[in-house]
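Have a look at the structure below before the remarks.
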Amino acid sequence: MALRISPSILSADFGHLVAECERVAGTADWIHVDVMDNHFVPNLTLGLPVVESLIKSLRTPIDCHLMISDADRWAPGYAEAGADSVTFHVEAAANPRQVAADIRAQGARAGLALKPGTSLDDYADLLPEIDMLLIMTVEPGFGGQSFMVEQLTKVRKARELIKAGDLDVWIQVDGGVSASTIQDCAEAGADTFVAGSAVYQSADPAQVVSTLRDLAQAATSTSWWCAH
Ligand code: DX5
Ligand code: ZN
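What the sequence shown shows, in the numbering used here, is residues -17 to 210, in sequence order.
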């Protein structure tokens, strides 16, 4: 079973972004870029011009996590710029079905994100139209928060639906993912893991990515959802 580790540069040194990404270039599957607008979330990070520069400067694919209002208007631009995956929040989109279609039309994978308080049941019908479901395991906005273990119920439910529908949809978890929590995420059904502070507050980010991958792989191979 393939799984992906996507270090979040939110906890990296913003003065040396390309160098920070290069530290995990050999081991990370993606670079997770958190775009925040100080409106959808109470924090401000970076926007399209910086993402465009990163895409040009890096070999590792970019996984854009948009925490911005009016995803309908802004999300397709990130796909057009060349991001490999563009994830928008369902709470920030008037017509999520259309946003996903617009992202895909630009050649990127379309991701749909749910805040901790957002129920999966209301959006389960969108699963066939997306490539990834992002289940937030903290309130979006800041790195370094504690993992919300109760969100694993949502992960499990999503995996059941994806399995039952034989859908090709990745399940990403984001927030508080570390060596202590990644195995529970993988066991519940996640296959794509974002880690910010666990990776970038370490002296050896590449080593952490590789450890996280090993832990997730081990937990996945014995999990209920990954039948052999
Ligand atoms: C938070 C961001 C995350 C953040 C995770 O809103 O979406 O990607 O970087 O940070 P950690 O891994 O430190 O919880
Ligand atoms: Zn994120």
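Here a beta-carbon is modelled for each residue, glycine too, at the ideal position from N, C-alpha and C.
Using 10 angstroms around the beta-carbon of residue i, count the other beta-carbons present and answer buried if the total reaches 16, otherwise exposed.
{"i": "P78", "result": "buried"}
{"i": "L26", "result": "exposed"}
{"i": "W206", "result": "exposed"}
{"i": "G123", "result": "buried"}
{"i": "E285", "result": "Beyond the ends of the chain as shown, which are -17 and 210, falls residue 285; an answer cannot be given."}
{"i": "V0", "result": "exposed"}
{"i": "A(-6)", "result": "buried"}
{"i": "G93", "result": "buried"}
{"i": "D173", "result": "buried"}
Check this for me: beta carbons of residue i and residue j, under 7 Å apart or not?
{"i": "G158", "j": "T204", "result": "no"}
{"i": "V68", "j": "A90", "result": "yes"}
{"i": "I117", "j": "V155", "result": "yes"}
{"i": "V137", "j": "G99", "result": "no"}
{"i": "A74", "j": "S51", "result": "yes"}
{"i": "L(-8)", "j": "G125", "result": "yes"}
{"i": "T202", "j": "M18", "result": "no"}
{"i": "R5", "j": "P187", "result": "yes"}
{"i": "V72", "j": "Y105", "result": "yes"}
{"i": "V191", "j": "S184", "result": "no"}
{"i": "Q165", "j": "L115", "result": "no"}
{"i": "P58", "j": "Q88", "result": "yes"}
{"i": "I37", "j": "G(-3)", "result": "no"}
Could you tell me which residues DSSP puts in a beta bridge with residue i?
{"i": "C46", "result": "V15 and V68"}
{"i": "R(-14)", "result": "T174"}
{"i": "I117", "result": "L96 and V155"}
{"i": "L26", "result": "D19"}
Three or more C-beta pairs below 8 Å linking the segment -6 to 14 and the segment 35 to 43: Contact holds: three or more Cβ-Cβ distances are below 8 Å.
Cβ contact check for the segment 77 to 84 and the segment 138 to 148: 3 or more pairs under 8 Å: Here the segment 77 to 84 does not lie against the segment 138 to 148, with fewer than 3 beta-carbon pairs under 8 Å apart.
Contiguous beta strand (DSSP E) assignments of at least 3 residues, all confined to the segment 65 to 100: Fully enclosed beta strand (DSSP E) runs of 3 or longer: 67 to 71 and 91 to 96.
Complete runs of the alpha helix (DSSP H) confined to the segment 131 to 200 [at least 4 residues]: Within the segment 131 to 200, complete alpha helix (DSSP H) segments of at least 4 residues are found at 134 to 146, 164 to 170 and 179 to 182, given in chain order.
Given 8 Å, three or more beta-carbon pairs between the segment 177 to 187 and the segment 159 to 166: Cβ pair count under 8 Å is three or more, so yes.
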